[in-house]
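Residue numbers (full-length UniProt numbering), protein chains in the order written: chain V, 1 to 514; chain X, 1 to 156.
Each residue gets a CB set at the ideal place from its N, CA and C atoms; glycine is no exception.
Quantities reported herein were computed from a predicted structural model and do not represent experimental measurements.
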């Protein structure tokens with residue numbers, strides 16, 4: 001482990017990679033602050049840039065953008081009560097009231113400290129958990145991989161919220177269907193190309209990710225008329241002091257520690273990302289508070305701000321565990337990173353740890369740097385970064401459109417791809433209006449090819465019998481977990497309904513899969 | 001009966017799965033493939049069945065609340081259609097007039113559609129940006145951008 005750690009450290013401290021962390025954090029913070037654009041869109045917009053970099057630098061950049069976007073989302077939640085993404089919705093519950101009490105500076109600082117602690121604790125656990133899990137998963141065979149992919153696909157569906165499980169499963173199937181377009185790798189026959197030469201290679205991951213998460217998100221803001229809304233004014237002179245008193249630190253310290261570990265554990269679960277972690281941590285903290293403190297929640301409680309902020313950053317880090325060790329993404333954003341890794345020719349999963357230790361370790365090491373950059377560089381610069389938000393929407397929207405289109409065009413130099421993007425955007429808007437979640441589709445698309453290969457190999461080995469699913473104890477247990485994940489949430493929901501309890505998590509979870 | 005979003009979505013995916021299943025049967029197989037446990041048609045066939053089954057379940061379990069009906073009022077569909085058409089036009093323009101001019105026209109068109117009418121702003125926000133991007137791509141990154149058929153045809 002020490003060798004790997006040193007290799008990762010050497011890669012991560014290379015000046016260019018350090019630059020990537022800084023650039024990523026800044027770009028992420030800026031994009032994350034724009035209402036409507038969350039971490040998924042931010043990371044999707046970065047894919048074309050990473051194509052020109054080597055794998056470690058590319059992934060480091062994306063990871064930087066990821067934390068930056070989560071941090072930027074909390075900034076706009078606190079300052080203008082407009083969360084940039086679903087995972088920072090909870091931040092606005094107590095962050096915005098604090099800003100209204102002229103304590104925006106304190107709220108921002110607390111958010112940054114909590115994010116930093118959450119991210120760092122997460123990165124430390126990741127340091128130990130990821131290699132341990134990777135060692136175990138080295139013994140995996142095709143049947144286990146197939147079972148694992150089933151688990152990944154069902155878990156994303158299961159965590160997608162109330163009444164959404166079937167819709168998410170449908171979208172996963174839709175993603176798998178899109179993945180079958182193009183040439184079949186095992187037999188070489190073309191499928192669903194309808195005679196078009198442009199479809200022989202299938203639909204590229206970059207195109208699908210950019211169309212569904214960058215282009216569609218921007219077009220949705222226009223569709224909802226948000227482009228014409230007056231800019232919410234942020235009065236920077238009212239920021240107030242950024243210092244926290246000793247008593248305040250003592251008040252929030254246990255909360256931050258608790259929520260970080262809690263957030264990390266939630267983030268590790270495939271499918272449950274930062275959003276669920278932040279909601280659960282907030283609810284958990286409110287339940288722990290005394291009756292008197294409970295009343296403060298929602299009116300500017302420091303604990304109510306610290307809990308979701310540490311949890312969502314720790315969960316962002318946690319979601320790298322299944323990505324790096326099993327090749328199963330824990331959230332929509334890590335799904336995009338998975339696609340990017342595959343595009344580099346790197347197979348995330350147990351072999352990553354052995355074949356590309358530099359990528360594996362440098363990502364983990366760069367997480368510390370990312371958190372440091374956010375704390376040391378981004379926090380003092382927030383008043384300046386937020387000035388960028390003053391760019392009027394009618395100017396900003398065409399620019400983002402341009403970046404998402406040319407990002408795809410400049411990789412393929414084929415204008416057919418732009419037409420395809422428009423078509424996918426139209427379909428995605430329709431599906432969004434019908435309240436279908438997008439992340440499961442992308443995940444199905446990314447895992448589709450791998451799943452087919454592993455299933456085909458496993459079936460060939462077992463001579464066409466599906467018995468491998470229950471004859472190998474490892475495969476059997478993973479399939480059992482997948483079934484549990486699928487069956488338990490609807491049952492719990494049913495049970496809660498009968499008891500008349502309701503939770504507020506689902507509505508926000510449906511909006512963004514960050 | 002109220003037709004909710006779930007019903008519409010379920011119906012669309014049911015039809016999609018049937019069409020997908022139909023075309024899955026058309027995938028050419030290699031001789032002898034039909035005796036193999038797994039071939040090019042296997043997964044598509046399975047997906048068509050799973051998709052249809054899930055769509056059917058969605059139709060059965062669909063919410064019947066009037067609140068869940070699809071409401072299309074209040075959305076700016078016309079503007080979105082114009083923006084998407086502009087994007088398609090950009091793709092066509094790329095082939096004909098080249099990257100620089102196409103970018104310029106796309107940006108100005110986009111600003112205009114979203115309500116920016118001041119000519120000064122339209123030009124300031126597009127010309128330097130388009131030239132800078134073009135310069136970075138062609139001069140710094142050494143990427144070849146085709147000049148466009150119109151100019152190529154003029155002997156350029």
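The alpha helix (DSSP H) spanning residue i covers which residue range?
{"i": "residue 227/V", "result": "Here residue 227/V belongs to no alpha helix (DSSP H), and DSSP marks it neither H nor E."}
{"i": "residue 294/V", "result": "291-296"}
{"i": "residue 371/V", "result": "357-373"}
{"i": "residue 45/X", "result": "42-61"}
{"i": "residue 418/V", "result": "415-433"}
{"i": "residue 198/V", "result": "First-last for residue 198/V: undefined, no H or E at that position."}
{"i": "residue 29/X", "result": "Looking at the DSSP string, residue 29/X is not in any alpha helix (DSSP H), and its letter there is neither H nor E."}
{"i": "residue 3/V", "result": "2-12"}
{"i": "residue 242/V", "result": "No alpha helix (DSSP H) contains residue 242/V, which DSSP labels as neither H nor E."}
{"i": "residue 489/V", "result": "473-499"}
{"i": "residue 401/V", "result": "393-412"}
{"i": "residue 106/V", "result": "104-137"}
{"i": "residue 144/X", "result": "Taken as a continuous stretch (DSSP letters only), residue 144/X belongs to no alpha helix (DSSP H), as it is neither H nor E."}
{"i": "residue 284/V", "result": "274-288"}
{"i": "residue 87/V", "result": "Unbroken run through residue 87/V: none, as it is neither H nor E."}
{"i": "residue 69/V", "result": "55-80"}
{"i": "residue 325/V", "result": "320-326"}
{"i": "residue 21/V", "result": "15-33"}
{"i": "residue 387/V", "result": "From DSSP, residue 387/V is part of no alpha helix (DSSP H); its letter is neither H nor E."}
{"i": "residue 448/V", "result": "439-461"}
{"i": "residue 153/X", "result": "149-153"}
{"i": "residue 205/V", "result": "205-209"}
{"i": "residue 348/V", "result": "Neither: residue 348/V is in no alpha helix (DSSP H) and is coded neither H nor E."}
{"i": "residue 44/V", "result": "39-50"}
Find the residues of chain V that neighbour residue i, judging by a C-beta separation of less than 8 Å, and give them in chain order.
{"i": "residue 95/X", "result": "415"}
{"i": "residue 90/X", "result": "405, 418"}
{"i": "residue 98/X", "result": "By Cβ distance, chain V contributes nothing, its closest Cβ being about 12 Å from residue 98/X, past 8 Å."}
{"i": "residue 84/X", "result": "219, 422, 425, 426"}
{"i": "residue 54/X", "result": "166, 169, 170, 173"}
On the DSSP bridge assignment, give the partners of residue i in chain order.
{"i": "residue 4/X", "result": "69/X"}
{"i": "residue 191/V", "result": "182/V"}
Give the residues of chain X in contact with residue i, contact being defined as C-beta atoms less than 7 Å apart.
{"i": "residue 191/V", "result": "27, 40, 44"}
{"i": "residue 184/V", "result": "40"}
{"i": "residue 436/V", "result": "9"}
{"i": "residue 108/V", "result": "Those do not exist, as residue 108/V stays about 30 Å from chain X at its closest Cβ, beyond 7 Å."}
{"i": "residue 460/V", "result": "37, 38"}
Residue i versus chain X: which residues are under 8 Å apart at the beta carbon?
{"i": "residue 187/V", "result": "29, 30, 33, 39, 40"}
{"i": "residue 142/V", "result": "Those do not exist, as residue 142/V stays about 12 Å from chain X at its closest Cβ, beyond 8 Å."}
{"i": "residue 352/V", "result": "Near residue 352/V there are no residues of chain X at all, since even the closest Cβ is about 25 Å away, more than 8 Å."}
{"i": "residue 146/V", "result": "Near residue 146/V there are no residues of chain X at all, since even the closest Cβ is about 12 Å away, more than 8 Å."}
{"i": "residue 402/V", "result": "103, 106, 107, 110"}
{"i": "residue 380/V", "result": "Within 8 Å Cβ-Cβ: nothing; residue 380/V doesn't reach chain X, min ~28 Å."}
{"i": "residue 176/V", "result": "43, 47"}
Identify the contact partners of residue i in chain V, using a Cβ-Cβ distance below 9 Å as the criterion.
{"i": "residue 157/X", "result": "This structure does not reach residue 157/X, given that chain X is present from 1 up to 156, and the question cannot be answered."}
{"i": "residue 138/X", "result": "Those within 9 Å of residue 138/X in chain V number zero; the least Cβ separation is about 11 Å."}
{"i": "residue 70/X", "result": "433, 434"}
Output, in chain order, the set of chain V residues within a Cβ distance shorter than 7 Å of residue i.
{"i": "residue 50/X", "result": "173"}
{"i": "residue 104/X", "result": "Neighbours of residue 104/X on chain V: none; closest Cβ ~11 Å, over 7 Å."}
{"i": "residue 57/X", "result": "166"}
{"i": "residue 125/X", "result": "395"}
{"i": "residue 115/X", "result": "228, 394"}
{"i": "residue 80/X", "result": "219, 222, 223"}
Chain X partners of residue i, CB-CB under 9 Å?
{"i": "residue 463/V", "result": "37"}
Legend entry - Members of the region 411-431 of chain V near chain X, C-beta cut-off 9 Å: 413, 415, 416, 417, 418, 419, 421, 422, 425, 426, 429, 430, 431
Inset, instruction - Can you check the region 105-134 of chain X for any beta strand (DSSP E) of at least 3 residues that lies completely inside it and give the ranges in chain order? - result: none
Legend entry - Contact set between the region 473-502 of chain V and chain X, restricted to residues whose Cβ is under 9 Å from the partner: none
Inset, instruction - Could you list the residues in the region 1-20 of chain X with a C-beta less than 9 Å from some C-beta on chain V, going in chain order? - result: 5, 6, 8, 9, 10, 12, 13, 16, 17, 20
Inset, instruction - Please name the residues in the region 205-230 of chain V whose beta-carbon is closer than 8 Å to at least one beta-carbon of chain X, in chain order. - result: 219, 222, 223, 224, 225, 227, 228
Inset, instruction - Could you list the residues in the region 442-456 of chain V with a C-beta less than 9 Å from some C-beta on chain X, going in chain order? - result: 448, 451, 452, 455, 456
Inset, instruction - Could you name the residues of the region 37-61 of chain V whose beta carbon sits closer than 7 Å to any beta carbon of chain X, in the order they occur along the chain? - result: none
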